[in-house]
Each structure stands twice: as C-alpha cells, then as structure tokens.
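Written out below as structure tokens is the structure these notes cover.
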Amino acid sequence: MVQPKRSKLILLFSILSLLLLLTNIGLFAQEEEGELLGEVPGFESWADVLAAAEGTTVTWWMWGGSDTINTNVDTDIGARVQELYGITLNRVPNGAELFVDQVLNEAAAGVDVGTIDLMWINGENFRTLSEAELLYGPWSESIPNARYVDWTDPALAFDFGYPVNGYESPWGHAQFVMEYNTALVGEEAPTTFEDLTAWIEANPGLFTYPALPDFTGSVFVRHVFYWVAGGPEPFLGEFDQAVFDEYAPAVWEYLNSIEPNLWRNGETYPEAAIMDSMLANQEIAFSMGYGPSDAATNILQGIYPETIRTFVFDTGTISNNNFVAIPFNSPNPAGAMVVANYILSEEFQLKLVDPEGWGWLSPISPAMYSEEFQAAVAAMELHPATLSPEVLAAAALPEPNGDWVTAIEAGWIANVLEK
Amino acid sequence: MHKINRWIAVIVIVLGVGLPMLPQIIWSFAFRWLFPSLLPTEWSMSSWEYAFSPSSRVVEGFMNSMEIAVFVCFLSILVGLPAARAIAMYDFKGKGFIEWLLMVPIIVPGIVSTLGIHQVFIRLQLTNTFIGVSLVHLIPCIPYMVLVMSSVFANYGTELEDTARTLGASPIRVFFSVTLPGILPGLMVATMFTFLISWGQYITTALIGGGTIVTLPLVLFPFITGINYSNAAAISLIFVAPAILVLILISRQLGQDSAVMGGFGRL
Amino acid sequence: MNRLKLIEKLRVPLMIFPAFAIVVVLFGGGMISGLGQSVGYFPVIGLNEFTLDYYAEVLSDPGFLESLWLTFRLAFLSTLFSSILAVLFALVLRHSFRGSRLLTFIYQIPIPIPHLVVATGIVLLVSQSGLLSRGAVNLGLTQTPRDFPVMVFDQPGVAIQLTFLWKEVPFIGIVVLAILKSIGPQYEEIARTLGANSWQRFRYILLPLIMPGILSSSIIVFAFVFANYEIPLLLGVRYPTTLPVMAYRSYQDPDLGLRPQAMAISIILAIVAILLLVAYRRLARYAVKA
Chain E
-19 MVQPKRSKLI LLFSILSLLL LLTNIGLFAQ EEEGELLGEV PGFESWADVL AAAEGTTVTW
41 WMWGGSDTIN TNVDTDIGAR VQELYGITLN RVPNGAELFV DQVLNEAAAG VDVGTIDLMW
101 INGENFRTLS EAELLYGPWS ESIPNARYVD WTDPALAFDF GYPVNGYESP WGHAQFVMEY
161 NTALVGEEAP TTFEDLTAWI EANPGLFTYP ALPDFTGSVF VRHVFYWVAG GPEPFLGEFD
221 QAVFDEYAPA VWEYLNSIEP NLWRNGETYP EAAIMDSMLA NQEIAFSMGY GPSDAATNIL
281 QGIYPETIRT FVFDTGTISN NNFVAIPFNS PNPAGAMVVA NYILSEEFQL KLVDPEGWGW
341 LSPISPAMYS EEFQAAVAAM ELHPATLSPE VLAAAALPEP NGDWVTAIEA GWIANVLEK
Chain Z
267 MHKINRWIAV IVIVLGVGLP MLPQIIWSFA FRWLFPSLLP TEWSMSSWEY AFSPSSRVVE
327 GFMNSMEIAV FVCFLSILVG LPAARAIAMY DFKGKGFIEW LLMVPIIVPG IVSTLGIHQV
387 FIRLQLTNTF IGVSLVHLIP CIPYMVLVMS SVFANYGTEL EDTARTLGAS PIRVFFSVTL
447 PGILPGLMVA TMFTFLISWG QYITTALIGG GTIVTLPLVL FPFITGINYS NAAAISLIFV
507 APAILVLILI SRQLGQDSAV MGGFGRL
Chain X
7 MNRLKLIEKL RVPLMIFPAF AIVVVLFGGG MISGLGQSVG YFPVIGLNEF TLDYYAEVLS
67 DPGFLESLWL TFRLAFLSTL FSSILAVLFA LVLRHSFRGS RLLTFIYQIP IPIPHLVVAT
127 GIVLLVSQSG LLSRGAVNLG LTQTPRDFPV MVFDQPGVAI QLTFLWKEVP FIGIVVLAIL
187 KSIGPQYEEI ARTLGANSWQ RFRYILLPLI MPGILSSSII VFAFVFANYE IPLLLGVRYP
247 TTLPVMAYRS YQDPDLGLRP QAMAISIILA IVAILLLVAY RRLARYAVKA
C-alpha cells in the first residue's frame, strides 16, 4: 500500500516541478508576449527582439512643451517598459523641427549608427523622411500588438495621404474640434458654416484661424474646401489640378469675404501658439485644434476659464492619427519596437483614454480589446468640455492626400494672405 | 534740472526694466490668471514642483549647462586672449581681414552654418560628447572675447611686463603676476558674455548633443512657445537666475573701466 | 639668432591660430554646406547640379525688396533709438547720487536675459489682454481687449521694437557710461567757464569721445537685429515680414526642396549686412576724424 502512494507522490511531485519549470521558461506564461506577425529587418522572432532589447536604452525624441505629456510618458510608458522589458526610456525634449535635421545630417555624413531610436512624428515630416528613405522598416504591421490595429482604415494606412506601409506605428488618435467661449457665444455653438459666417458678421473681431502653413490653420481651410464641395469625396484620391481649380476660387472668395470681420480686421493671422491664450483671455471667441480633450485639460490646469466648450461641424470634422517612427540608423530598433508595441497594448491604451490619465483618443477601437477594457471605457466620465467618442466617431472625416494640402497651403498664401 | 532728469531716469528705468519681467514672475506662482484680473485668481506652486521633478529634466539641464558654460569660458580665454593680444599690439598683413573674419559668426544667420557644422562635427566624431558641445558653443563666443580683450590690450602698456621680464621672471610668472591683474576687469566682462552665450545655446546643443546631453535651454524653449505660461515662467526664472548672479558679481566692472568697454570703443 | 627670428615670425600667427582655426574650420566648414545648398548641391534629396536659380528666384520675388526694406528699417531704427536712449541714460547715470549704483545695476539687468524670455514678457505686458490692458479695464478706461491699442502682431512692429530696445539700450549704455565715467568732469568745467552751454559741451566735448564706443557697440546691435528671426516671428504680422523670418520659414518647411532657397536668402542677407557694416564703419571713422 505504501509503495504505490509514494510512487504516486513522486509522480505528482515531478509533474509539479515540470510545470514549475515550464512556467518559468514561459510556456504557460500568464503574460503571453506574442509573436511577430510578419517580418522585421534584422530579427527572426519576437523573442529575439525582446532579448536584444533587454537592458538597453531607447532614445525617444518628442516635443517637450507639455509638462503633462512629459510626466505621463515617463510614468506610464517609461516606468512600465523598465519593469516589463528592462528598457530604459530616454525621453529627449527635441521635437520634429530638430529630429528631422538630426536624421538628415547623420545620413549626409554617412552615420550608420545614429542617436535616435524613436520619434513622435507627424504626417508631413513622415513623408519627408520616407521619401528620403531615412526610416527603418517595415516593422509596424509585424509587431505582436499590431493585431489590434485596423490597417484597412485609411486613417491608419495613410498618414496625410502618404502610405504608411509599415514604417510607423499608431500611438493616439486625433480629431479636429472647434473650441468656443460660452460666455461670448452662448451655450449653443454655430455648428454649420452658414451659422458660423453669420455669427462672424454679427460679432466682428472675435474669430480667426492660424496662418497657414501651420497645420491647425491648414486643416481649418480643408474643412472649408469640404464644405464648398459638399463633402470630402473630390479630394480623397490623387491630387487633381482640375478638381482643385474647380473649388479653390470659391474657397478663396469665402475666406476673403469674412476677412474684414476677423480678428484685427484680417490684417494678420496669428501663430497657433497664441490662439489658445487669446481664447482664454477673451481676445477671440473661438479656437480650434486636433485635440478633443485639450479644452478639458486646459480648464483643469487653470489655463482656460470654465466657460470653454467644444463642438464639431454638422458636416463633420477631419480626424487622423499620431504615430511613432524609427530612423534608418537607430542604434536600438529592437528596443524601439518593444516600446511601440507596448504603446498598442491594452494596459497602456486604457491609461491613454482615461480622462484622469492622458485624456487622448485611441487609434484602436475598443472592440479589439477585452470586455474589461470596454466596460472600463464605457464607465469613464468625460469632462463637459469633451465631446463623447460616439459623437466624434460619427463626425469623423478623412484627411486628403498630402499633395492637396501643399496646393491648399500655397493657394491660401497667394490668394488670401498676400491678397 | 539734474534732479528732474534723475527722477525721470529712475522712473523709466525701474518701470521699464521691471514691468516686462513682472508678469512672468507672478505667472510662476499662478494657477489661473485670466483677463481682466490684475492678479491671479488662483495660486499654485505646481510649476515649481514640476520644475524640480525628475520628469522636467530641469535640474539635469541646469547642471549640464553650468558645466559646459564654465568649460567654454575656460576655452574661450585660452583661445581668445592670445588672438586679442596679437590683434591689438601687433600690425601684420591681413589684420583687417582677420578682424572681420572673426566677426563672421555674429553676422551670418544661424541656419546657413548649423547643418554644415553638424556634419563637420559628425565627421570629426565630436557629436554626443561634452567636448563637442563645448566646442560648438565656443564658436559664437570667440568674436565677443576677441572684441573686448583686443581693446583692453590696445590700451594696455607693456612696461610692467618688460620690467618683470628684465628682472628675470618667467613668462608664466609674468602672465599671472603682471598681465592678468592688469586685464582682469575687461577679462571678467568678456567672460560674462561668453558665459551668457553658452548658457543660452539651443539649436547647436540639440544637434551636436544629440539628445545625449540635455541642457537647460533644450528643456525651456519648448515651454516658451507652449500654452502653459506658469511652467514657462518658472523654468525661465531658473534659467535667468545664474545669469543675474554673474551680472551681480561683475556689475562693478561694467560701466566703470573704459578700457574694458573700449573693446566696443575701438573702430 | 635665426631661431629667435623664427620664433618672432611665428609668434603672431601662433597667437591667432587657434581662434582663426576654430572660426575657419568649424564655422567656415559649416558654412560650406549651406553655401553648397544655395547653389544646388543637396545630395540627400538628390540635388547635384550647380545652379544659380535659387538666387535668381529669391532676387526676382516681388516681396523680396519689401522684406529687405523691412529688415533694414527694423535694424536701423532699433540701433538709432537704442543709441540715443543709451546716451541719454548714460548722461544721467554718470554722476554719483544716492542710489545711482543700485539704479545702474537695475539698468543692466536686461543684459543677461535671453531675447525669447523678454519677448514673452513683453507680450504678457502689452498685448490686448495683457497686464496694461487689464489695468485699463480695472481703471474703467476700457472694457474688452479690443478697446486697448494694438502693439503686438501689428504692422509697425511696436512690440518687436520694444523688445529689442529693452535689450540693446543697456548694452550700448554700459559702453557709453564707461567712457563718460572715465573722462571726468574737467573738460566740461573748463568749457563752461569759457561760456559754452550744455548742448555745446555735449556736442563738442563729450560726443567725439563717446562716438567710437557708440559706433562699435551699435555695429553689433545692427548685425544682431538684422539677422534675427525669432522676435519678428513671435511678435510680428504674418505678412509681410523680415528676410530672416522668410528664410526660417522656408528652412522649416517639411518640403526639403525649399531649403536651398532658405540658404540663398540667408547668404544674401549676410552679404548685405557685411556691406552695410563696412560702409558704416568707414563713415564712422571719417566722422570721428572730422
């Protein structure tokens, strides 16, 4: 009787040990680290990438003008990738105007191992570096968490109309909203261009938009194009000079017609950087931007008065995405990919969309994540100044191809600014 | 007559210097300060807290900026002093050309040279190094150092040096015991300018430093064009403090010794 | 004997060499790239042929002359006004009176403060919703920001001018003050006993003595303002604007093809600046001698 029991015990013990052993080498790991969905240059498997990234430093160049973003990146991304993957995140406050030059100069000087691993990049600069073939990749469709990304969505497959093709990975989602001061405009905002025009004429000096080619001013003018053409369709394909010439005159005429009633009688258009403080200080009644929750954040930080609210046009507003990209000569592409992958994780995206966290929008639809995620998101309370994701999604319009943007900017400068 | 002039000067100077600085000093302690309030409606220390937190990298930037600026002052004296003396005390062919040449870094707009300088430094393997950043700061400092010190030397008589040498003192001894005390006031002014120029360098540090070396301007400047005036103000004040300190230290020299300022007085 | 002569011959070049080398090799080497781009050599984006087209484009642009004029006007007026104000303050501060040391120190405070910080301060002070405007509202003189006079983002560039003045007046001022303090009152005393009035004393005794100081410091001020893009960019109107701002905008454009144009504008700017400064210096030397 004793012997069979003992051998059973031994068997049980062995099985348990085996299980423990296997757990330690990850076969039954709670956190499944995932696998590559495709190829990445220089690495065979995701395990290789993780191993190469362990103990390394990832240098991330991004605009450093927001204390909340700086702190959030350090605590929500930096601390976590340290804990999970042994990566030290070195966030450098140098923005696009500096990192484009850095990569360009390193390329011109033949530097194969450069200084930047990751960049928070926007559409126009992505295009610049892509066309000069200065980006590492393709990689972004192959990392494990890319499975959450809907690459068929044109707003993710194209950045400013330029094909992403796996050279950058989504980070956050943006949508154009108008901000207004209810103390000067009233509770109801003018949500159509007709109403807005009427309001401008009745209240001279309180409306303006940033001078193009600033990207906020530029997207505002794109909305005028969509309005004049009755929708975004004519502008969604390749640039067509004939189509442009068909609608542009009406746009310039409209913008010139409202000009005398704009701020400073339209003699000048402000830099985007001061529009928000002009709104806060009642110099103007409207501002605008790509951040639907920026108004709420500003109110909570004391920058805006509590009377600021946001709205979108009845005909919709343009939305796009923020991305991160890796330069061709990154010294640590493995680490960069791990960080980008973490950004797409459910854990991080939950913090991203939390109004008490980052307060951003996610490039990933909640349905891709677990039910807990969806429940948590549904329970989140938005600030009254932030429009709900449903309202925003219903109003979302696509960006036109980059060539349209260039033509629009040049056209505005020639026909409206220089008159 | 004099009294009225003096009172006008007092009012204009105090208000003129103080008023533009006042909003930012107040902003650094403000949470909500909107039109038309003359004073903030809500106060807060959060900007100062942020400035001294690790995420802001302000303290790190401050230390780096200080180390680099001090080193640049040292290099600037080393390189600029002999050049200034040569220009002031000797006549040689091409002297005028050299003088204008040394002024070029002030006259030519930054964007022309910055990219190229970056590439030169990459080839010389000076990027991402402390010495590389110091050298690139040195470039705009040299004109000022040479300008000021060449005038000091122009008004400088070598009799004391000659006497010391005939008495058997070594050249090094002569320099430290005779020359240096004689040119010290002007040297302090020139060094202050060098310090300020290095202290305020932005794009050059960003490119040559490659993100490896983060200085205070790199941290500060994104905030200056941002919307959070409170953060920008707090960091600006931290940025300006050492510069004001340096000014206090040599304030006596400024506006007193004419030989010093003659450097600007030389045609 | 020969070795001594050699050392003597090499002495001056050796003293100049380090400074010369740094400026020529590092800065000059850097300029070559910019110069190259301005004539079409920009291999990273595929430009490889020598061309003067960019210069032609810039010079034939109708807005070029207007921008050049604005640039010159800004630099000239800044230099002129700051020189005059600097002299006026120096005339008062050169005397010792109670609090003159403290006042002189306050006067010098602008010198170490970077232009960008000053610009922010000026905007916060004089913008239509700035501190002065709020003062006016609280005094009942105005009601909305629009009632307050326009001083920033304006064609005349008042805020730009104020920013440069704030920085440059003390800069020129300390030079002039130093000279005045070292002159001493004797000459003026003699002149007064001989019957000269204060204007004559200033014009014939003081002015010639401080002229070299004014002229040299104003050369630096002029060169600086002429090439400065940050202040007009931050505080001016969008269009028309100064040449350095035009160059900067072209440079910052994501379309790298605009960079050669930015370089061309900048080099033209530098050449004009050098010509103006050389002329200014000649004129000054002549005026001093006369």
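Protein chains in written order, with the working numbering: chain E, -19 to 399; chain Z, 267 to 533; chain X, 7 to 296.
Glycine included, each C-beta is placed from N, C-alpha and C at the ideal position.
Leaving out five residues before and five after residue i in sequence, what residues of the same chain have Cβ atoms less than 8 angstroms from its Cβ?
{"i": "residue 448 (chain Z)", "result": "422 and 426"}
{"i": "residue 446 (chain Z)", "result": "453"}
{"i": "residue 65 (chain X)", "result": "274"}
{"i": "residue 178 (chain E)", "result": "170"}
{"i": "residue 232 (chain E)", "result": "391, 392, 395 and 396"}
{"i": "residue 85 (chain X)", "result": "174, 224, 227, 228 and 231"}
Which term fits residue i, buried or exposed, when burial requires 16 or more other beta carbons within 10 angstroms of its beta carbon?
{"i": "residue 43 (chain X)", "result": "buried"}
{"i": "residue 292 (chain X)", "result": "exposed"}
{"i": "residue 269 (chain X)", "result": "buried"}
{"i": "residue 31 (chain X)", "result": "exposed"}
{"i": "residue 162 (chain X)", "result": "exposed"}
{"i": "residue 531 (chain Z)", "result": "Only weak support is given to the placement of residue 531 (chain Z): the predicted model assigns it a pLDDT of 48, under 50, and the value that follows is read from those uncertain coordinates. Residue 531 (chain Z) is buried by the Cβ-count criterion."}
{"i": "residue 104 (chain X)", "result": "exposed"}
{"i": "residue 6 (chain E)", "result": "At residue 6 (chain E), the pLDDT of 42 sits below 50, so the modelled position is not reliable and the matter cannot be decided from this model."}
{"i": "residue 252 (chain X)", "result": "buried"}
{"i": "residue 116 (chain X)", "result": "buried"}
{"i": "residue 260 (chain Z)", "result": "Nothing about residue 260 (chain Z) can be reported from this structure: the residues present for chain Z run from 267 to 533 only."}
{"i": "residue 93 (chain E)", "result": "exposed"}
Among the options, which residue has its Cα nearest to the Cα of residue i?
{"i": "residue 286 (chain X)", "options": "X:254, X:221 and X:251", "result": "X:221"}
{"i": "residue 357 (chain E)", "options": "E:328, E:381 and E:380", "result": "E:328"}
{"i": "residue 490 (chain Z)", "options": "Z:374, Z:293 and Z:269", "result": "Z:293"}
{"i": "residue 114 (chain E)", "options": "E:128, E:122, E:126 and E:99", "result": "E:99"}
{"i": "residue 258 (chain X)", "options": "Z:359, Z:353, Z:312 and Z:377", "result": "Z:377"}
{"i": "residue 219 (chain X)", "options": "X:166, X:83, X:129 and X:184", "result": "X:184"}
{"i": "residue 312 (chain E)", "options": "E:355, E:87 and E:67", "result": "E:67"}
{"i": "residue 281 (chain E)", "options": "Z:517, Z:494 and Z:500", "result": "Z:494"}
{"i": "residue 283 (chain X)", "options": "X:98, X:191, X:207 and X:78", "result": "X:78"}
{"i": "residue 404 (chain Z)", "options": "Z:341, Z:458 and Z:389", "result": "Z:341"}
{"i": "residue 167 (chain X)", "options": "X:154, X:81, X:197 and X:15", "result": "X:81"}
{"i": "residue 43 (chain E)", "options": "Z:472, Z:503 and Z:505", "result": "Z:472"}
{"i": "residue 302 (chain Z)", "options": "E:303, E:60 and E:285", "result": "E:285"}
{"i": "residue 306 (chain E)", "options": "E:112, E:71, E:116 and E:184", "result": "E:116"}
{"i": "residue 296 (chain Z)", "options": "E:372, E:345 and E:283", "result": "E:283"}
Going along chain Z in order, which residues have a C-beta closer than 8 angstroms to the C-beta of residue i?
{"i": "residue 275 (chain X)", "result": "375"}
{"i": "residue 137 (chain X)", "result": "285, 288, 289 and 304"}
{"i": "residue 26 (chain X)", "result": "349, 364, 367 and 368"}
Does any heavy atom of the ligand COA sit closer than 6 angstroms to the C-beta of residue i?
{"i": "residue 318 (chain E)", "result": "The ligand content of the structure shown is nil, which means the ligand COA is not present either."}
Identify the residues that DSSP records as bridge partners of residue i: which are they?
{"i": "residue 158 (chain E)", "result": "E:268 and E:291"}
{"i": "residue 99 (chain E)", "result": "E:41 and E:305"}
{"i": "residue 127 (chain E)", "result": "Looking at the DSSP assignment, residue 127 (chain E) forms no beta bridge with any residue, so it has no partner."}
{"i": "residue 150 (chain E)", "result": "E:303"}
{"i": "residue 229 (chain E)", "result": "DSSP output for residue 229 (chain E) lists no bridge partner at all."}
{"i": "residue 309 (chain Z)", "result": "Z:296"}
{"i": "residue 70 (chain E)", "result": "E:39"}
{"i": "residue 442 (chain Z)", "result": "Paired residues: none, contrary to the question."}
Taking Cβ-Cβ distances shorter than 7 angstroms, what residues in chain X pair up with residue i?
{"i": "residue 502 (chain Z)", "result": "123"}
{"i": "residue 286 (chain Z)", "result": "124, 127, 128, 131 and 172"}
{"i": "residue 245 (chain E)", "result": "Result: empty, since nearest Cβ-Cβ is about 10 angstroms, beyond 7 angstroms."}
Residue i versus chain E: which residues are under 8 angstroms apart at the beta carbon?
{"i": "residue 262 (chain X)", "result": "84, 108 and 112"}
Leaving aside the five residues before and after residue i along the sequence, list all residues of the same chain whose C-beta is less than 7 angstroms from its C-beta, in chain order.
{"i": "residue 332 (chain E)", "result": "152, 338, 340 and 342"}
Against residue i, what residues of chain E qualify as contacts under a CB-to-CB distance less than 7 angstroms, listed in chain order?
{"i": "residue 308 (chain Z)", "result": "282"}
{"i": "residue 384 (chain Z)", "result": "85"}
Give me, in chain order, the residues of the same chain whose beta-carbon lies closer than 6 angstroms to that of residue i; leave out the 5 immediate sequence neighbours on both sides.
{"i": "residue 256 (chain X)", "result": "264, 267 and 268"}
{"i": "residue 24 (chain E)", "result": "none"}
{"i": "residue 318 (chain Z)", "result": "none"}
With 9 angstroms as the C-beta to C-beta threshold (strictly closer), list the residues of the segment 224 to 248 of chain X near chain B in chain order.
-> Absent from the structure is chain B; the protein chains it does hold are E, Z and X.
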